[in-house]
Every structure is written in C-alpha cells, then in structure tokens.
Amino acid sequence: MTLRRALIVIALAAIVAMCIDPRLLLMPFVDRAPYARALEGYPDRQWPLYPRFLEGVHAHTRPGDTIALIVPAMRWDNGYLYAYYRACYFLAGREVLPLVDPQNNKLQQNFRNARYVAVFGVTLRTPADVVWKGEGGRLLRLRR
Amino acid sequence: MTGIIATLVAILSLIVLGIPITLAIDRHARGPLLLGTSFLYGSGAMSFVMLALSIAHLRWTLIRVTVSALVVFCAASILAVKKPAGAQRPQPLKATIFDAGTVLTLTAYALYATLKSLWDWDFWAIWGLKARVFLEAGGIDWRFLESRWNTFAHPDYPLLVPLTFDFIALVNGGWSDRWLGLPGVAWAAALLLVVRALASRETSPLFASLVTLTLAPLAVSSHLGCAEGALIAFGGAGVLMIRAALRDGDPVLWRHGALMLGFAANCKNEGLALLVAVSIGVAVAGSRPRATARLRRLWPAYALMTPWLLLRLTHMLPTDIASGSPLSRLIARLPQAHEILAFLVMHLHEPWLWLAILTGILIAPAASRRSEGFVLLVTAIQLCFYVAAYFATPHDLHWHVLTSWPRLTSQVAPPVTFAVFLMLAKSLNVGRTLQSNGFRT
C-alpha cells in the first residue's frame, strides 16, 4: 500500500467517524423521559406560568384585538424580548404591541392604542376593567 | 384524529402528491429516488398551492387545499403518462448492512424530534410563529409581515416551511406544535434516499450505503421546526443532482437539480445564495455544453425563486442584513478581517469533520479533485457569502456568528462530504460505476 493510499483510507475512516453521532444513535435505547421533561419547560424556564397565562389571554380575546404587554422585565434584552416574542406566538391572530423597543425606549403610543393590556407577574395601577385573571397575571381592558 | 396520525397522514399525502410530479420529470424514477424526490416535490408543490390560494384571496380550508392539490396531481399524472417510458430501467438497489445504520439514525432522530412540543427559539419566533399566524388568518397575513413590530420574525424569509406546517395544521383540524418535528425527519429521509440513489450510480452498493450512512447525521438538523432541515434536503439534493448532471449530461438530472434548488430558494435566504453559488459553479465547471447553455438549464430554479422575490419586493419586506449601508459596514470591518476569520475558525461546528474533509481534498489525486470541482467550488462560494454577510451584518458580529455559524456550516456539509467521500473512495479504485448495470449515461 502506497503512502497516499494509506492516507486516503485514514481520511475516509476519519470522515465516517467524525460524522457518527453516538448520542443520537443511543436515543432508541435510553430512557427518554428525563429528556422530555427537561425540554418541556425549556423555553419558559424563567416564567413557567407564562404560556398558560398567554393561553388564557388568547381565550378571552378575539382575532384582530390589540394587546399591550407588561411583564416584570421591561428591558428588551433583559426579558422583554422573550416575553414579546412568546406572546406573539401564543396570541397569533391578535396584534401584540410591545411597550419597549430594542433600544429600551418606552412606546407610550402602543399603550394608548391597545384595546387590552396583558399584565403578567406585576400589578398595574391604571383605570381598567379586569377581563380575566389567572396563571399569575391579568387581562385588562383600558377605560377610555 | 390525533395529532401524530394527522401529521403522518399529511406527510403521506405530500408523498402521494409528489409521485406523479417526479414521474412527470423522470419517467424512470423508481425505489429510493422516487420516494425521496416525491416527498420533496410534494412538500414544495403544496407550499406553492397554498401560496397561490393566498394570493388569490381564497381562505385556506382543507377541502380547498385538497382540491387544488388534486388539480396539480391530475396535471402531473397526465404529463407522466404522456411521457414515453423508454426501454432503460434502473436496476433495483442492493441493500447492505450500512443501510440498517441509516435507518437506525433516522429512527433515533424521529424519537428525538418527537420528544416534546418543539422548543427551538427560532421555531416559535420565526417559522412556527408565521405558520400559526397564517393559519389564524386563513392565508398569508401580509399585515403581520409588514408590521414594524414584527421585523424580529424575519418577514423576508421565504415561506415553504411555514406553509408546510399550515398544511399539516389543516389536516389536523387546528394548530398543534407537538408533532411538527416529523416533517424534519421526512425531509432528512428524502435527502438520504436521493443520496443513496445517486451514489449507487457511480459506486458499489457497499460504498453507496456507507456514504449514505455517513451523511445521515448531517442530513438531520438539530434545529427542529426551523427551515434548516428543508434547506439541507432541497439544497443538498439540488447540488448533488446538478453534480451528477454535469458528469452524465442527463437532462432529467438537470431538471431535478434545478427544481430542487428552486425549492431550496423558497426555504431560506441561504437557498437564494446557494442558487447564485450553483449558477457560478455551473458556469465555471464542466466544458460541454457551453456555459450559457448550462445556465439555461437552471431556468426552473429561477422560475420557482421569482414569485417570492416579487412578493417580498411588492410588500417591501425588510432584510436585516441589507438595512442601512451594508457596504460601509463591510468596508469598516475589513481591517479586522483576520480577527473575524479567526473567530469563525474558533467557533467552527464539527471542526474535526471539516479538517478531515480538507485533508481528503488535499491528499486526493489532482484528477479526482478536478472531477469534484463543481461541488468544491459551490461550497467555497457559499461559505464566502456567509462570511461576507457577517462582515456586513448590522447586528453585533460575535452574537451573529455564535447564533448562526454552526447552522450555516451544517447546511453546506452534506454535498461536500458526499463529493469528498466518493472522490477518496474512487481514488482507492474500489468504487465501480454502475453505468454498465443499465443506468442512463
């Protein structure tokens, strides 16, 4: 066997070996329940109640409704980004209005334009009717 | 109907829709090639059916989508029946022990993909979000895409994947993200079936099955519910089909390759970049026919790419990379080029695999390297596009690299791994062509 042939065999074997993913291949033979449990709450590990709160908000609003969002973290990169993106997913069909932009500027006009305010994990003192309460938050209809 | 059954029925429906389309393109397609391309064409065609209904302001319903898909099915069936059968038929592929390894990899991936409801950030902030919003709206919600509050969802990204999720949701009778990992498994399986069929044309069953097994972990995307899986499947199949077309001059392979690349361009913006890279590769690589004639054969890809480009232009959907002045950002970062490139090397996903691929390219005989020039060139161009995008990004560069570089490199890995593997295998003179076994040349 020439040196080149030997190197080619080694390179081929290396490519095959580098591609094999033992963790994936073990998946059928291990107990997957712990993985499933870990993944279940993964996106919402900071605020486990938040998805259920958003589902409640979804159930008490109609398509096309505008909803502003107030959460304990009102800085964009410090939690508001997550809260806003997550709300957009769960409240599909409604228009979720952020109250903070990526530069952390307050968006007062969105508060004024919203039909509802979804308040999670904090108390809001403003003239409003409580439409629904539960799962760590409240859905408020602002009094105009 | 429970969610998993609905999802499986939807995937099966897409395969059934894709069978006459495949046969209309390639009357001789059988076995793995037929099955793999059928799902790819089925999912691609379904996304266009739903896009067309939305443009026509027809609200999506299961009946409306089914009837529209049946029209496509019947038209493709007529075309397939009219196509002359010809005398040549490919021989059935011979299974080997390595095929069992590929099946095991896909089974393991299916178990992983269905552990729980999809959890990837990009699923619920981009791909799943759009699908869910569109389902509520009964069509593409342009107001959502145009809203300045929703730029985070990348409104400019093509919609093949969200529209596939919407088809599954229609079959399911409502939105559920519990089983949406399964289409990713189907896309991966489709690519591997195509890989197995293409490899069998030019090497022994043992090496064809071994290269398929090698590619299996690269075909399965860990970014479940995102467009990566579909892009890897369509893009990988497209590049490998064009590679085979350049080798054999087979017009059927040109059509397959061009259509696959067109659908890849409907998965992600990287698919658009891939089409540009392939166009350059096609123009440069190969000698017959002339470059312009070769490029003309890619017309189905450009045709499939055009509707979404026009729609995103019409609706003025912003692209984050193109915001502000990308050129000035690129020029401003040029002095730090060595630092940026070092950062990319440092954070390369699967660095040992890339090292093995690079070593394989270097030690292969020059003639073998030249024969794989197309795939090597396309991979290099695509990587250059990615690096250029980092230089021009309006985001924090380090954040952008850390959150996307592994995904981007995984998109180009299957075709180049395939090419280098076969290049090395043939250099050992253990591969044997199957042209004598009845495959078209």
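Just so you know, the sequences run in chain order X and B.
Note that our numbering has the first sequence beginning at -2, numbered continuously upward.
Note that our numbering has the second sequence beginning at 55, numbered continuously upward.
Beta carbons: idealized from backbone N, C-alpha and C, even for Gly.
If you're wondering where the values come from, they're calculated on a predicted model, not measured in any experiment.
Mind pulling the chain X residues with CB within less than 7 Å of G182(B)?
-> Y86
Any chain B beta carbon closer than 8 Å to D74(X) = no
Those runs of the alpha helix (DSSP H) which lie wholly inside the segment 387 to 415 of chain B and span at least 4 residues | 391 to 400
Which first and last residues belong to the alpha helix (DSSP H) in which G96(B) is found?
-> 85 to 109
So which residues on chain B does I5(X) lean against when the C-beta distance must stay under 8 Å?
-> G414, I417, A418, L478, S481, L482
Step through the CB atoms of chain C and report whether any lies within less than 8 Å of the CB of A240(B).
-> Considering every chain present, this structure includes no chain C. Its protein chains are X and B.
Partners in chain X for Y440(B), counting only beta-carbon separations shorter than 9 Å = Going along chain X, no residue has its Cβ under 9 Å from Y440(B), so there is no contact; the nearest lies around 21 Å.
Straight-line Cα distance separating L217(B) from R42(X) | 29 Å
Contact list for I17(X) against chain B, beta-carbon separation under 7 Å = P271
Where are the alpha helix (DSSP H) runs, 4 residues long or more, that stay fully inside the segment 27 to 89 of chain X, in chain order?
-> 30 to 37, 47 to 56, 77 to 87
Are L234(B) and G289(B) touching if we call contact CB-CB under 8 Å?
-> no
Any Cβ of chain X within less than 8 Å of the Cβ of T471(B)?
-> yes
Pull out every residue of the segment 36 to 58 of chain X whose Cβ sits closer than 7 Å to any Cβ of chain B, in chain order.
-> L36, E37, Y39, P40
Spatial distance of M100(B) from D98(X) (CA atoms) | 37 Å
Hey, is I67(X)'s beta-carbon within less than 8 Å of any beta-carbon in chain B?
-> no
Can we say the segment 76 to 88 of chain B touches the segment 56 to 65 of chain B, given the rule of at least three CB pairs closer than 8 Å?
-> no
Can you check DSSP and say which residues form a bridge with L117(X)?
-> One point to set straight first is that residue 117(X) is Phe, not Leu, in the sequence displayed. F117(X) is bridged to G134(X).
CB of G311(B) to nearest heavy atom of the ligand MG: below 7 Å?
-> The ligand MG is not among the ligands present in this structure, which contains no ligands whatsoever.
Out of A391(B), L236(B), L272(B), G238(B), state which residue places its alpha-carbon closest to the alpha-carbon of K451(B).
-> According to the sequence shown, residue 451(B) is Leu rather than Lys. The residue with the shortest Cα to Cα distance from L451(B) is A391(B).
Alpha helix (DSSP H) runs contained entirely in the segment 215 to 256 of chain B, provided each spans 4 or more residues = 236 to 254
Residues of the segment 22 to 33 of chain X whose Cβ lies closer than 8 Å to any Cβ of chain B, in chain order = L22, L23, M24, P25, R29, Y32, A33
DSSP on F493(B), reduced to helix/strand/coil?
-> Per-residue confidence for F493(B) stands at a pLDDT of 38, beneath the threshold of 50, marking its modelled position as unreliable; no derived number is given.
Neighbour-count burial assignment, C16(X), 16 or more Cβ in a 10 Å radius = buried
Could you tell me whether the segment 417 to 424 of chain B touches the segment 433 to 453 of chain B, using the rule of 3 or more Cβ pairs below 8 Å?
-> no
For R135(X), the nearest candidate out of F50(X), P124(X), R109(X) (CA to CA) = F50(X)
Does E507(B) come within less than 8 Å of chain X when only Cβ atoms are used?
-> The shown model of chain B, from 55 to 495, leaves out residue 507(B), and the question about it has no answer.
If the cut is a Cβ gap below 7 Å, which residues of chain B does R2(X) touch?
-> L482
Would a C-beta distance cut-off of 8 Å place F249(B) and F472(B) closer than the cut-off?
-> Checking the sequence shown, residue 249(B) turns out to be Val, not Phe. Yes; because the gap between Cβ atoms is below 8 Å, this pair is in contact.
Along the alpha helix (DSSP H) that carries L94(X), what are the first and last residues, could you check?
-> Counting along the chain, L94(X) falls outside any alpha helix (DSSP H), though it belongs to the beta strand (DSSP E) covering 92 to 94.
Counted within 10 angstroms of its Cβ, other Cβ atoms place H111(B) as buried (16 or more) or exposed = exposed
Within chain B, the residues that L96(X) reaches when beta carbons sit closer than 7 Å | Those do not exist, as L96(X) stays about 11 Å from chain B at its closest Cβ, beyond 7 Å.
Kindly indicate which three-state DSSP category K103(X) falls into: helix, strand or coil?
-> strand
Looking at C-alpha atoms only, which residue of L264(B), H369(B), T457(B), T159(B) is the closest neighbour of L476(B)?
-> L264(B)
Top-ranked residue by Cα proximity to G380(B), from S276(B), S171(B), Y444(B), K137(B) | Looking at the sequence shown, residue 380(B) is not Gly but Pro. Checking every option, the nearest Cα to that of P380(B) belongs to Y444(B).
What are the complete alpha helix (DSSP H) segments, minimum 4 residues, inside the segment 258 to 290 of chain B?
-> 259 to 273
From T368(B), V474(B), P146(B), residue whose alpha carbon lies closest to that of P209(B) | T368(B)
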